[in-house]
RNA sequence: CGGCGUGUGGCUCAGUUUGGCAGAGCGCUGCGUUCGGGACGCAGAAGCCGCAGGUUCAAAUCCUGUCACGCCGACCA
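Numbering (my numbering), first residue to last: 108 to 686.
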């Protein structure tokens, strides 16, 4: 391939709407083009990257006995009605009518299609276990696409579904899949991907893991223990708090004019924020009934945790003067009967608290929840803090990091086989529901994440296993006959050896040629120029600048081949070293 | 869905306050000089100023409406 013919323009200026580097570089490098909100086309350079990622995935899926299939993008609503998700899933699911007026959906995930495909085939226990997977486009009408290809509405995903005749068999295969996923991310050149335990969300099921690529621009917060290796997402991380009891005091109602925030109250009463009780107010979506979460003043509420405990959807409350609650002065003592409240574990064991009095302009001092409330029970509804206590090893060593979710694996159980009535006959002639697992990887998101994790200010630094081309050959001064001849012949010889080369023989200035090469991001760069040729050599470098050598022209091809193998070997060593 | 912001050549943006010929740099086309980190000269092409209505002799600029997009939050297998 010649740069001169490569479809997709590279340019100098950072597009205004790009917030993260990978987005800006992939647009500037001619990898992708914006089409609409959360919708992008891939230029040839990116398509080559995603195709390589797909092939890495395909190989690993095949190696664990996966069989590739292809489900439709458009599915009849009836299939989603069977599982109940036609009703239960929100607006992310695009619903539409065809010309005859019957309801359809755009596939945003394919559990229904998977069950539909195999429920006649797999009626006998002898067919189990098996796994099917596809690599295909999905559409999810996300509320807020962002960060380029990291969070889009239409995207390519590898989704896999396994079917088993017992939980034990699923457990076994889940572990196999867990390892296959680790190999995929190692081979894609991102050893920084880690696994965390997670909450399974709308997919249902119990055990699940997310594969997170750690980066400060990630959308998800991850809790990591540096001491024992505990890893979890924020919702699944138990918050443990050990309070110094302090000395109990008498309960006192004090006038606190214009003290509506915890900071105001603590400053006014000269008390510590760690002995204050903060109220965060929500309302139930169903009937607008108030739900108040009380946490220690220095903690934040985790809404997902609270939602799970309340057991229904909630939203941030709007409090007006007519309501039973007095904004700014809400406390658990003398709490109005019309609302309900939850006490967070961070309040447990404090002998003397400052809290609102449920009366305009007043707070309580010396509140002791165990003593003053009829029954005080505590729940875990606060976000874990940096330096918090690890629920696993009990050391105060929790760190909070950001990450991008590039894959996930779930144990689905019988949620879909039951709702869609997929059964098999076991060796005793008895009918049973198969147990399912499902396994996803976002291909485009992984490509963008790799760019985010591996780039410098000039462009992506692609790992060789997924780079659009392995070698970029730059011919400075293509008008110089000798130089052009040398570069041409090297290009031909490398291509004959099966090496992927992108060849730049345009008559542009060196600066532009180097900038373009940086933006394309091929791991090996070869520079032919009159200057190098004076020493009968070409310059060979790596994109990450770890290698930079003048190599005699006649030895260049051999050197490049060796370097290429060395770079691949480095990736393989990640796979082997991974435990 | 809430808050904030932005729509002017392919890209980055000025011009809007105070209404008066549609602008710059990059990119693109041609010619020439250059050539190891986005050079320079000359000559060009390219815009219904998001859309619709209104005010005005005159609207990119003022008014009303609307659409789109972005950021923060909510939400999210």
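For each residue, glycine too, the CB sits at the ideal point set by N, CA and C. Remember, predicted model here, so these are calculated numbers, not experimental data.
Could you pull the start and end residues of the alpha helix (DSSP H) that residue i belongs to?
i, result
"residue 261", "Not the alpha helix (DSSP H): residue 261 falls in the beta strand (DSSP E), residues 261–271."
"residue 222", "218–225"
"residue 604", "Per DSSP, residue 604 belongs to no alpha helix (DSSP H) and is neither H nor E."
"residue 674", "660–684"
"residue 697", "For residue 697 there is no data in the structure shown, the boundaries of the chain being 108 and 686."
"residue 285", "274–294"
"residue 173", "Counting along the chain, residue 173 falls outside any alpha helix (DSSP H), though it belongs to the beta strand (DSSP E) covering 173–175."
Pick helix, strand or coil for residue i, following the three-state DSSP scheme.
i, result
"residue 411", "helix"
"residue 247", "coil"
"residue 499", "coil"
"residue 168", "helix"
"residue 155", "helix"
"residue 112", "helix"
"residue 188", "helix"
"residue 478", "helix"
"residue 372", "helix"
"residue 214", "coil"
"residue 595", "helix"
"residue 84", "What the structure shows of the chain is the stretch from 108 to 686, and residue 84 is not part of that stretch, so it cannot be assessed."
"residue 462", "strand"
"residue 193", "helix"
"residue 239", "strand"
"residue 654", "coil"
"residue 381", "helix"
"residue 122", "coil"
"residue 397", "strand"
"residue 308", "Because the pLDDT at residue 308 is just 48, under 50, the model does not fix this residue reliably, and the point stays unresolved."
"residue 208", "coil"
"residue 135", "helix"
"residue 617", "helix"
"residue 367", "coil"
"residue 590", "helix"
"residue 130", "helix"
"residue 536", "coil"
"residue 391", "strand"
Mind reading off the beta-carbon distance from residue i to residue j? Whole number of angstroms is fine, and I expect it under 8 Å.
i, j, result
"residue 241", "residue 175", "7 Å"
"residue 476", "residue 454", "6 Å"
"residue 318", "residue 173", "Their Cβ separation, rounded to whole angstroms, is 17 Å, which puts residue 318 and residue 173 out of contact at 8 Å."
Give every residue of the same chain whose Cβ lies closer than 8 Å to the Cβ of residue i, excluding the five residues on either side of it in the sequence, and list them in chain order.
i, result
"residue 682", "290, 293, 294"
"residue 123", "none"
"residue 569", "156, 296, 557, 558, 561, 575, 628, 629, 630, 650"
"residue 237", "172, 174, 225, 229, 269, 270"
"residue 116", "137"
"residue 413", "389, 398, 400, 421, 449, 488"
"residue 675", "571, 572"
For residue i, collect the residues of the same chain with a Cβ closer than 6 Å to its Cβ; drop the 5 residues on either side in sequence, then sort them by chain order.
i, result
"residue 404", "369, 380, 383, 385"
"residue 314", "518"
"residue 411", "342"
"residue 218", "523"
What residue range does the beta strand (DSSP E) around residue i cover?
i, result
"residue 547", "542–549"
"residue 518", "505–520"
"residue 362", "359–362"
"residue 333", "Note, residue 333: premise wrong, no beta strand (DSSP E); not H, not E."
"residue 719", "In the structure as shown, the chain begins at 108 and stops at 686. Residue 719 is therefore absent and cannot be evaluated."
"residue 183", "181–183"
"residue 579", "578–582"
Within the same chain, show all residues whose beta-carbon is closer than 7 Å to that of residue i, passing over the 5 residues directly before and after it, in chain order.
i, result
"residue 525", "540"
"residue 643", "659, 660"
"residue 483", "450, 476, 477"
"residue 248", "198, 199, 201, 260"
"residue 320", "297, 299, 300, 510, 511, 513, 556, 560"
"residue 448", "399, 401, 439, 442"
"residue 465", "433, 436, 437, 438, 441, 442, 443"
"residue 333", "504, 506"
"residue 312", "At residue 312 the pLDDT is 48, less than 50, meaning the model places this residue with poor confidence and gives no usable figure here."
Count the other C-beta atoms from every protein chain shown that fall within 10 angstroms of the C-beta of residue i, then say buried if there are 16 or more, exposed otherwise.
i, result
"residue 338", "buried"
"residue 214", "buried"
"residue 143", "exposed"
"residue 640", "buried"
"residue 221", "buried"
"residue 309", "Since pLDDT at residue 309 reaches only 43, below the 50 mark, its modelled position is unreliable, and no value is offered."
"residue 266", "buried"
"residue 354", "exposed"
"residue 535", "exposed"
For the ligand FMN, is there a heavy atom less than 7 Å away from the beta-carbon of residue i?
i, result
"residue 545", "By its list of ligands, the structure shown contains no ligand whatsoever, and the ligand FMN lies outside what it can speak to."
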